[in-house]
Structures are given as structure tokens and as C-alpha cells.
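Okay, so the sequence shown: first residue is 1 according to this note's numbering, each after it adds one.
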Amino acid sequence: MDFLSSHPSYTTPTSVRGFMIFEDIKIPESLTLYSSLASKWGKKGSIQFIPSSEGTHWIAIIGLGKKSDQNSDIICLYRNKTAEFVRKGTAMGVTSFSLTLPEDPTDATSKAVAEGAILGNYRFTKYRTTDTSPATQCESFFLEKGNLEAMERGRYIASAQTYSRDLANEPGNVITPLTMADIAREIASQYNMDLTILDEQQIQDQGLLALWHVGKGSKTPPRLVHLTYHPQGIEPLGKIAIVGKSVTFDSGGLCIKTRAGIKTMKCDKTGACNVLGIMKALTPLQCPYEVHGFFGAVENMPDGNSYRPDDIIRAFNGKTIEIKNTDAEGRVTLADMLAYASTFKPQAIIDMATLTGAAVTALGNYTAGLVCDYDELSDDLFQVASTTGERFHRFCMDDEKLREQINTPYADVVNTGGPGGGMITAGMFLKEFVDPTIPWAHLDIAAVDYYEKEFDCYGLGASAFATRTCLEYLLRNHK
Numbered sequence: 001m002d003f004l005s006s007h008p009s010y011t012t013p014t015s016v017r018g019f020m021i022f023e024d025i026k027i028p029e030s031l032t033l034y035s036s037l038a039s040k041w042g043k044k045g046s047i048q049f050i051p052s053s054e055g056t057h058w059i060a061i062i063g064l065g066k067k068s069d070q071n072s073d074i075i076c077l078y079r080n081k082t083a084e085f086v087r088k089g090t091a092m093g094v095t096s097f098s099l100t101l102p103e104d105p106t107d108a109t110s111k112a113v114a115e116g117a118i119l120g121n122y123r124f125t126k127y128r129t130t131d132t133s134p135a136t137q138c139e140s141f142f143l144e145k146g147n148l149e150a151m152e153r154g155r156y157i158a159s160a161q162t163y164s165r166d167l168a169n170e171p172g173n174v175i176t177p178l179t180m181a182d183i184a185r186e187i188a189s190q191y192n193m194d195l196t197i198l199d200e201q202q203i204q205d206q207g208l209l210a211l212w213h214v215g216k217g218s219k220t221p222p223r224l225v226h227l228t229y230h231p232q233g234i235e236p237l238g239k240i241a242i243v244g245k246s247v248t249f250d251s252g253g254l255c256i257k258t259r260a261g262i263k264t265m266k267c268d269k270t271g272a273c274n275v276l277g278i279m280k281a282l283t284p285l286q287c288p289y290e291v292h293g294f295f296g297a298v299e300n301m302p303d304g305n306s307y308r309p310d311d312i313i314r315a316f317n318g319k320t321i322e323i324k325n326t327d328a329e330g331r332v333t334l335a336d337m338l339a340y341a342s343t344f345k346p347q348a349i350i351d352m353a354t355l356t357g358a359a360v361t362a363l364g365n366y367t368a369g370l371v372c373d374y375d376e377l378s379d380d381l382f383q384v385a386s387t388t389g390e391r392f393h394r395f396c397m398d399d400e401k402l403r404e405q406i407n408t409p410y411a412d413v414v415n416t417g418g419p420g421g422g423m424i425t426a427g428m429f430l431k432e433f434v435d436p437t438i439p440w441a442h443l444d445i446a447a448v449d450y451y452e453k454e455f456d457c458y459g460l461g462a463s464a465f466a467t468r469t470c471l472e473y474l475l476r477n478h479k
């Protein structure tokens with residue numbers, strides 16, 4: 001997609017000129033011919049495409065509701081409506097888009113509109129050999145009075161999410177633990193990053209036995225991946241670690257999933273896909289932090305060599321884990337990855353994981369869990385999330401009685417925490433493997449990981465939720 005610096009020509013039926021309008025604000029002069037329709041279609045949620053008076057192109061009227069009802073969410077509204085505008089237009093065969101906002105764009109709104117255009121243009125259709133729909137791709141996009149530099153930043157941020165979506169949408173027969181390591185190699189080579197990959201023997205030799213036990217039931221061996229980004233030409237503002245869950249396919253292991261529960265388990269690697277998308281964007285966006293990206297890639301499969309209920313496993317930091325459910329494998333792999341990441345002494349650790357069904361029960365399908373005992377880190381994440389439009393709800397791990405649910409007489413901790421407070425007890429489990437001197441946040445994205453229908457800036461399939469929030473967190477002090 002090209003972001004244009006001047007108006008495209010409106011001479012073909014594959015071009016559209018869009019206007020975002022408020023219901024209670026005077027419409028622009030260029031819409032005078034359509035004033036009766038514009039007043040009707042200014043209502044929030046309305047997007048109408050009509051032929052231009054010349055009959056050569058489309059006019060789109062995108063309703064924003066009443067200006068008097070808007071608040072700080074206006075940035076998110078512009079992003080979401082742009083995504084819907086592009087999605088609807090490309091479904092009609094439109095390839096060239098221009099957009100006029102009801103007010104001159106700021107850098108922030110220019111960036112948000114660019115993000116919306118990229119996200120609305122996303123579809124995962126690479127395996128379809130026949131397609132009868134008229135859907136196209138947006139080839140060019142023009143924002144009236146938009147800041148092109150800000151729009152290019154928006155492109156990189158949104159493209160990190162679409163890249164993560166592409167990886168998460170790939171099925172388990174295409175992306176395996178070995179493939180995830182190969183993708184990390186490509187990124188490291190492209191952006192001159194440091195890379196460490198541990199194979200199955202090195203994983204065992206270095207004591208990452210929790211990771212190894214989860215993966216040993218698969219014919220495809222596990223891999224540990226550690227990517228490091230160093231900012232060029234400046235002293236880093238600090239060192240941050242991001243950790244992603246990477247179960248490339250989760251059958252549940254010996255505690256095998258139901259037919260309904262196994263659906264979309266190709267997306268149990270989304271946390272790591274997010275890590276890869278973020279790492280890919282750091283150099284173009286000139287991130288001022290040294291960033292370490294970690295994941296342990298495994299398949300959780302049933303086999304004669306699989307780990308079992310009642311097994312006791314020693315993790316990287318020496319703590320022991322009793323296994324009660326082999327389908328609670330994500331936290332077991334993350335135990336080693338968080339302990340391993342802690343040895344690099346970052347100033348903060350953020351992990352992203354499709355971890356618990358309890359997240360869906362507690363929050364529904366549009367809000368992720370933020371499990372964090374550190375106010376400053378939590379506040380920073382909420383501040384950037386308010387601009388990305390990714391919703392989080394915070395949970396703390398200060399309930400000592402709830403903590404008892406992960407106790408066991410046979411080991412230091414058990415990998416399931418009982419029927420209540422599952423998202424919090426999962427966080428309490430992970431906390432056992434993080435250096436207590438390092439601020440840490442756990443993002444449970446299980447509830448928001450996959451969508452069956454399009455809305456706002458999300459299309460069908462994997463969402464790569466939290467990619468933009470974590471990326472903006474890493475860019476937040478960028479001047």
C-alpha cells in the first residue's frame with residue numbers, strides 16, 4: 001500500500017473519496033451535493049458508499065456520531081473507522097482510497113488512520129485456490145492534510161500486527177517449532193540482531209527441563225529462541241524483555257482436548273508470533289531500548305514419550321512443578337522462559353500468552369487480562385493501551401488464600417489452580433519463576449486471540465492482540 005502525498009485522480013470505479021463526518025457538525029463544502037444523505041448517515045457506525053455525481057468513482061460517508069459525545073477515544077475511533085472503510089471498499093473492488101477527516105489531522109490521528117488502513121486491508125487467504133469474491137487490496141491511500149512521516153510510523157506499527165497475524169494463522173503442519181526458529185533467523189539476519197537458538201539437547205543441558213518435558217511427546221523437537229535488538233547510535237534507555245508462549249499446536253497432550261476445544265489451537269503460538277512481529281518493527285521505528293525477545297517453541301502432542309499427569313519436573317530456576325493437567329502446558333513452558341529471561345536482568349519483563357479459558361469467563365472476548373503487581377509498569381501499559389484501543393483489565397496477585405490453590409505436598413507448585421480465579425492463579429504460578437526484583441506483567445490474551453467475524457480493526461482469524469500495545473510501550477520515550 002502506498003501512502004500518497006497528493007490527491008489521486010477520481011476517474012475510475014475502483015477509486016473512492018471518503019469523508020468522516022460528525023452528526024452535529026457542519027459538513028464540508030465538497031459534500032454539499034449529498035447534504036441530505038450526509039445528515040442522515042453521520043450517525044455513529046454508518047458507512048455508506050454512493051456513486052459520485054459524475055458517475056466516475058465512489059463517495060463514502062463515514063459516520064462518527066455526535067462530536068459532543070466524543071472523548072479521548074477519538075484516536076481509536078479514527079483508526080477503527082478507517083479500517084472499516086478500507087475493508088468495505090476492498091470488498092467492493094476498490095483499490096484507491098482517499099479520506100478527509102472532520103478536522104485537520106494531527107500526527108497522532110495521521111498515524112492512527114494509517115494503522116487503520118493497513119489493518120483493514122488484512123486478509124489471510126493465501127491457501128485459497130479459487131475466489132469468486134470481488135475483494136481486492138488497497139493499493140494507494142491518501143489522507144487529506146495527513147502527516148506522511150507519522151503515517152509511515154503507523155504503517156510499521158500496524159504491519160507488525162499483520163505480520164504476527166500471518167504467523168498465528170498458519171496451521172500446525174506449516175509452522176512447527178523448527179519453523180519458528182527459522183523465522184527468527186530471517187529476522188536476525190535482516191535487521192542485524194543477535195540470535196541464540198538452543199536445540200533439544202542444549203535445552204536439556206542448560207536445565208530448561210520444563211520446556212523440554214512439554215515438547216518431548218512430539219516428533220518435532222522444541223527450540224528456545226532469544227533475539228536481541230540493540231539501538232543504533234545511541235545509549236539505550238534501558239533493557240526490556242518480551243516473552244511469548246509458543247505452542248505451535250496444542251492437542252492437550254495426554255489430557256487431550258475435546259473436538260470443540262482443539263479448534264484454532266494453531267493459534268496457541270500467538271504470544272511468540274507477537275514477539276516476532278514486534279522485533280521485526282524495532283529497527284525501522286528506531287526503538288530506544290535494548291529489547292530481548294524470548295520464546296520456547298514446542299508442540300504439545302500425545303505419545304508414548306509425552307509428559308504425564310503426576311510427573312514432577314524441575315524448572316530452570318530449580319523449582320519443581322507437579323503436573324496435574326498436561327493441557328496446562330503453556331504455563332509450564334513459560335516457567336522456564338521467564339526464569340531464563342530473568343537471568344539477563346532486564347528492567348521489566350512482559351509476557352504474552354494464550355493461557356487460560358478463565359480469561360474468557362472473566363472478561364468476554366474483547367478484553368485481555370493484565371496480571372501485574374507493579375503499579376508503574378501497569379500504569380505505563382494502560383497509558384499506551386488507551387491510544388492503541390486494545391482493552392485490558394488488571395488483576396493483582398495479592399490474595400494469599402487464592403495462592404494456596406497452587407500448593408501441593410509433592411513439589412514446590414502445581415500446574416493447575418482449581419476451578420476459581422484461574423487467570424490469577426496462573427499468574428501466581430508464573431510469578432514463582434520470575435526474579436522478584438524485576439517488574440513483570442503477564443498479558444493473558446486467550447480471550448481476544450481469535451475472531452470469527454470482522455469488527456473495528458480486526459478481521460477474521462488471529463488477532464495478534466497486544467502487539468501494538470507492547471510495541472508502543474517500547475517506543476513510549478522515543479523523541
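Where a beta carbon is used, it is the ideal one built from N, C-alpha and C, also for glycine. It should be emphasised that the depicted structure is a prediction, and the values quoted were computed from it without experimental measurement.
Check	Outcome
Member of PRO102, ASN365, ASP194 whose CA lies at the smallest distance from the CA of THR283	ASP194
ASP427, DSSP secondary structure in three states	Reading off the sequence, residue 427 comes out as Gly, not Asp. Helix at GLY427.
Meets three-Cβ-pair contact criterion under 8 Å: the region 401 to 418 and the region 439 to 454	no
Cβ neighbours of ASN365 in the same chain (closer than 6 Å, five flanking residues each side left out)	ALA447
Cβ neighbours of GLN201 in the same chain (closer than 8 Å, five flanking residues each side left out)	none
Nearest-angstrom beta carbon gap, LEU254 and PRO302 [assumed within contact, 8 Å]	5 Å
Assigned exposure category for LEU148 - 16 Cβ within 10 Å defines buried	exposed
Beta-carbon spacing of LEU227, VAL275 below 9 Å	yes
Residue burial classification, ALA150 (beta-carbon count within 10 angstroms, cutoff 16)	buried
Residues near GLY238 by beta carbon distance below 6 Å, same chain, minus five either side	TYR289, GLN347
Length at least 3, wholly inside the region 402 to 448: the beta strand (DSSP E) runs in chain order	440 to 444
Among ILE75, ALA83, VAL86, GLY89, the one whose alpha carbon lies nearest that of GLU103	ILE75
C-beta atoms of GLY369 and MET337 nearer than 9 Å	no
Endpoints, the beta strand (DSSP E) within which THR98 is located	For the sequence presented, residue 98 should be read as Ser rather than Thr. 96 to 100 is the extent of the beta strand (DSSP E) around SER98.
Reference ASN169, options LYS269, GLN70, LYS216, ALA117, closest by Cα	LYS269
Short Cβ contact (9 Å threshold) for ARG17 with SER68	no
Cβ-Cβ separation, VAL291 to LEU474 (assumed contact under 8 Å), whole Å	6 Å
Cβ pair count under 8 Å reaching 3, the region 451 to 466 against the region 430 to 442	no
Close Cβ partners of PHE139 (< 8 Å) along its chain, the five nearest in sequence each way excluded	It is Glu, not Phe, that sits at residue 139 in the sequence shown. If we look at GLU139 and ignore the five residues flanking it on each side, its Cβ neighbours are MET1, ASP2, THR95, SER96.
Nearest-angstrom Cα separation, counted from THR130 out to HIS7	34 Å
Beta-carbon proximity check, ILE349 vs TRP440, cutoff 9 Å	yes
Where ASP456 falls, given that 16 or more other Cβ within 10 Å makes a residue buried	buried
Coarse secondary structure for CYS287, derived from DSSP in three states	coil
Spatial distance of LEU355 from PRO171 (CA atoms)	19 Å
Option in ILE321, GLU400, ALA83, GLU472 with minimal Cα separation from VAL384	GLU472
Contact under 9 Å by Cβ, LYS324 with GLN190	no
Close Cβ partners of LEU208 (< 6 Å) along its chain, the five nearest in sequence each way excluded	PHE316, ASP336
ALA368 - partner residues in DSSP beta bridges	PHE392
Neighbourhood of ARG153 by C-beta distance below 7 Å, restricted to the same chain and skipping five residues each side	LYS111, LEU285
Candidates SER218, THR14, ALA359, of which the one nearest SER52 by Cα	THR14
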